[in-house]
Amino acid sequence: MPWVIPSWGIGDTPLVPVNLAQISNPHSGTVGDPTNPDFELRVAQTGADGAPVDPASLQVTAQIVRNGNRVSPFGDTPAPGAVTVRAGDAPDLRRVAFTPVRIGNAKVVVTVTGQGGATASYTIDFYASKAASSTSRYLHLTADTSTAIDAGDGYLFIAGDEHRQIRLYDAERSGVPIALFHPGKNPNDSAGGEGEDDFEASARSGDSVFWLGSQSNSRKGEVQPSRHVVYETTIAGRGKDATLARVGAYGGLRRDLIAWDTANGRRYGFAAGSAEGAYPSVPDGFNIEGAEFAPDGTTLYLGFRAPLVGRKNGGDALIVPVTNIQQLTRGQASHATFGTPIELDFDGGSIRELRRNAAGEYLILTNDVSRYTAEELPTAVLQPALLWYWDGNPATEPQRLGGGEPLPPNVTDVSASLGSWEGIGAMPERLEPGSQVRLIMDQGYDHLFVPAGPITDELYYDMVNKDSRLIPTLMKARTDLVTLTGDLGYQLTVTGLAAFAEQLPGTTSAPRTATITNTGRKTVPVDALSVRGGDAGDFQLDPGSCARITLAPGDACSASLRYAPARGAVTSSAQLEVTSSAPLFNRSFGLTGTAGTGTFATSAAPTIDIVAPRVGDRLTATVAAWSPAAELRYQWLRGGAPIPGAAEAAYTATAADEGFTLSVRVTGTTPGYESKTRTSVPTAAVAVIASAPEPPFGGVRPPTILSWEPVRSRYAIEVVTRSGRQLRLTVRAPRIEAAKLSQRVTVKVAGIRATYRVTLRRGQATLKLGAKAKRLKTGTRAIVTVTVPELRYLVDKQPSGQQSHEVPSATKRIAVKLR
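Okay, so the sequence shown: first residue is 0 according to numbering that gives the first Met the number 0, each after it adds one.
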């Protein structure tokens, strides 16, 4: 009779042995993962003569069997290659490979057929989890991964917040760990017990690696001393051969931090945030989740997830330097000593991990602790994460990477996704755009095996423990490559760009000097300067010393700018643009100026072509060009009084005009200028025709004047945001010419006391919010109120008459997100 047993497990390493039966079944894979782990089986048969049968002669097949009413991960009609069997690394080994196409659960029955047709079977309980990105890989047998140390050659040492073991994984292939390491006794463990270390941070300097518990309370607010530990280990070997050895441990870091903060005025509230019953991961909590060495290689930076500075939403993140960490773990010091704390602005985010490369550049992983409350932690919300570049200088603000957008969530369907990015793996030698880093995700509470909804959905998965977490053999955590984008140490700042004072249209301001300084860590070539944007024509630029220059860190150059508005009573907005071959994230700097109300430089009075008109004559008024060009409105006058309805450039004298002089008055307007009215010289008195003329049209009765129904419309108002805190306004009105949409509209923004006024051009305008909106952070959602005034005008119709076009005033409130 042949036999078959599972052989999949952790390789033979001189570390902790593992019970293979505990990890062999159930088995899981991930939809779309080309490196899904195989299930390895050992096969054998004893012949009738008692001798072993050559295992290479045994035939092994696999069959997919539905598991009750569960959704099959291989589809309703599995493809021929959905499950395959191939030879292993020894004659008696077979490897079963799986290619799932959707989330689900099925049985895979492996049958061995030997001599004489005898058979034996083994059933694999297979689960498929949801797809992530094409570069995602999964670390099996763990889900609560929190921190990682690069072991070289794509391998990572991984620690989590639910297990004391540190595990070595091939992070470029999905699968189980190849080795385990136990860091030894925790000095805070009770006699005969082993608590939870809650690993959340780690750091390496040379061959020394430090592993830190969170120092926090449990998520229920319980004080658990086992979390207050720091272990020191040494690393030997590389890649799959890397090993760890214990050096020592220290259990008093939390106590020392609380005492230090208390002695320095309780600025950070460590005592309150760590008290019994206090939640750890809220703005006024206490929780360390990042660690890395300072540039000196001996001072350890502790990155706090909580508290935020000020112990409130929106505060800066906190780093506290420990100056004697190695003396603590080696028993050479009894209390920690601390350096000057560092406070960094991550737009309200807090630190989940920080890593330094060989060039001294730091990559920091954050998420927004203010997005959720203590009652919601850790399973009620998706926690968006961001990456930041920092040069290690406490006086330098970090730079947000990736265009400011959060890191991609763990799957395309995020309705049931609760994973959070927590660790950074191997770091590139230089942080440059296009370089890649591997991030580690904690998926301890992620619903991996259901598409949405409760994890106990019987169509997919119902094997849970009291915490609604996966059984150990199905636990896994995601790791993925992220391509870095953004300035990454390339940083320019510009001074001297305060708003220009009010300037009359048609005039030019005095020059203003703009100083461009390289405040980053890398050399920046300035290839060209230009002014761009909707009102770029209102600004004049002389690049000065900034024309084709290379700025080393700390160097500066100067350019000259003038404001020369062409229109009046407007706020002009544009950007000073730096063209550079360096990957600058911030290369545009705002320009604003205000134009006063102008007066027409020339405004000619109209002239009438017939100076001695008679009844029936058609008179035409002409007006020489005004400067600037104006929109003219006409009004004919009879004896100096307006003639009702006579508001065009031409007028036909009627019997009512007999004996009166005629004149025409024009009123010129243009946006931003005071209106101007000019009146023609009057004609002679209108005379009657001496003899009756022949009947028009050969005696045929003339046509009647037609009456035209007014055209009535309504405004459609849109507002979109642009970078540099600009608003783009679009106003449309069906059946109304775009050229007529040139009114001056009023704009108010919630949170800004000022009222903006901007003139439409063919229904569009760009508004720069300027310095008044400085306190509104990028990403803030604001209510914009736009008011457009009433519009009325007349259009000539054929064969006779005029048609009125009318649009009533309108106000619209629109919510936008500032950029």
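Quick reminder that beta carbons are idealized off the backbone N, C-alpha and C, glycines included.
Residue i classed as buried or exposed, judged by whether at least 16 other C-beta atoms fall within 10 angstroms
{"i": "R226", "result": "buried"}
{"i": "H334", "result": "exposed"}
{"i": "G750", "result": "exposed"}
{"i": "A235", "result": "exposed"}
{"i": "N263", "result": "exposed"}
{"i": "D390", "result": "buried"}
{"i": "N68", "result": "exposed"}
{"i": "K773", "result": "exposed"}
{"i": "N187", "result": "buried"}
{"i": "I165", "result": "buried"}
{"i": "R713", "result": "exposed"}
{"i": "N392", "result": "exposed"}
{"i": "D295", "result": "exposed"}
{"i": "T328", "result": "buried"}
{"i": "P279", "result": "buried"}
{"i": "R93", "result": "buried"}
{"i": "A628", "result": "exposed"}
Nearest to residue i (by Cα), restricted to the options the options
{"i": "T676", "options": "S722, E501, W625, G536", "result": "W625"}
{"i": "R819", "options": "T660, F588, Q801", "result": "Since the first residue shown for the chain is 0 and the last is 818, residue 819 is missing from the structure and cannot be characterised."}
{"i": "L353", "options": "G644, E199, I123, T339", "result": "E199"}
{"i": "G769", "options": "Q802, A814, R721", "result": "R721"}
{"i": "R711", "options": "E717, T146, P733", "result": "P733"}
{"i": "A573", "options": "P807, D537, C556", "result": "D537"}
{"i": "E342", "options": "Q223, A357, L364, G314", "result": "G314"}
{"i": "A119", "options": "Y444, Q58, K796", "result": "Q58"}
{"i": "L661", "options": "D124, R218, P641, A105", "result": "P641"}
{"i": "E396", "options": "G488, G220, F448", "result": "G488"}
{"i": "D526", "options": "A535, G533, I515", "result": "I515"}
{"i": "A686", "options": "Q62, A652, V680", "result": "A652"}
{"i": "S349", "options": "A476, I318, I439, T339", "result": "I318"}
{"i": "V246", "options": "K129, E195, H181", "result": "H181"}
{"i": "I609", "options": "Y650, L631, V436", "result": "Y650"}
{"i": "P306", "options": "G330, I257, E291", "result": "I257"}
{"i": "I287", "options": "G658, E360, G302", "result": "G302"}
{"i": "V806", "options": "E291, L793, F659", "result": "L793"}
As assigned by DSSP and simplified to three states, the class of residue i
{"i": "V368", "result": "helix"}
{"i": "W387", "result": "strand"}
{"i": "T472", "result": "helix"}
{"i": "N464", "result": "Since pLDDT at N464 reaches only 34, below the 50 mark, its modelled position is unreliable, and no value is offered."}
{"i": "Q214", "result": "coil"}
{"i": "W625", "result": "coil"}
{"i": "L491", "result": "strand"}
{"i": "G589", "result": "strand"}
{"i": "S572", "result": "strand"}
{"i": "H804", "result": "strand"}
{"i": "I607", "result": "strand"}
{"i": "H181", "result": "coil"}
{"i": "I642", "result": "coil"}
{"i": "T669", "result": "coil"}
{"i": "K106", "result": "strand"}
{"i": "R226", "result": "helix"}
{"i": "G87", "result": "coil"}
{"i": "R254", "result": "helix"}
{"i": "A535", "result": "helix"}
{"i": "K521", "result": "coil"}
{"i": "Q442", "result": "coil"}
{"i": "G543", "result": "helix"}
{"i": "D479", "result": "strand"}
{"i": "A655", "result": "helix"}
Rounded distance between the beta-carbons of residue j and residue i, thought under 8 Å
{"i": "D260", "j": "Y249", "result": "Actually they do not touch by this definition, with Cβ atoms about 18 Å apart."}
{"i": "T60", "j": "A81", "result": "That pair is no contact at about 13 Å."}
{"i": "V368", "j": "V281", "result": "7 Å"}
{"i": "G543", "j": "A558", "result": "5 Å"}
{"i": "S841", "j": "V493", "result": "The question about residue 841 has no answer here: the residues shown for the chain are numbered 0 through 818."}
beta-carbon residue i near the ligand PLP non-hydrogen atom, thresh 7 Å
{"i": "Y714", "result": "Questions concerning the ligand PLP fall outside what the structure shown contains, since it holds no ligand whatsoever."}
Review point. Along the chain, which unbroken stretches of the beta strand (DSSP E) at least 3 residues long are found entirely within the stretch 266 to 312?
Key: Listed in chain order, the beta strand (DSSP E) runs fully inside the stretch 266 to 312 are 286 to 292, 299 to 305, counting runs of at least 3 residues.
Exercise for review: Could you tell me which uninterrupted beta strand (DSSP E) segments, each at least 3 residues in length, are contained entirely in the stretch 316 to 350, listed from first to last along the chain?
Suggested key: 316 to 321, 341 to 343
Point to revise | Any beta strand (DSSP E) of 3 or more consecutive residues that is wholly inside the stretch 39 to 79 | key: 58 to 65
**Study point:** Contiguous beta strand (DSSP E) assignments of at least 3 residues, all confined to the stretch 713 to 787
**Key:** 715 to 721, 725 to 731, 743 to 748, 754 to 758, 763 to 767, 780 to 787
Check your understanding: Taking the runs of the beta strand (DSSP E) that are 3 residues or longer, which of them lie wholly in the stretch 118 to 156?
Key -> Fully enclosed beta strand (DSSP E) runs of 3 or longer: 118 to 128, 136 to 139, 144 to 151.
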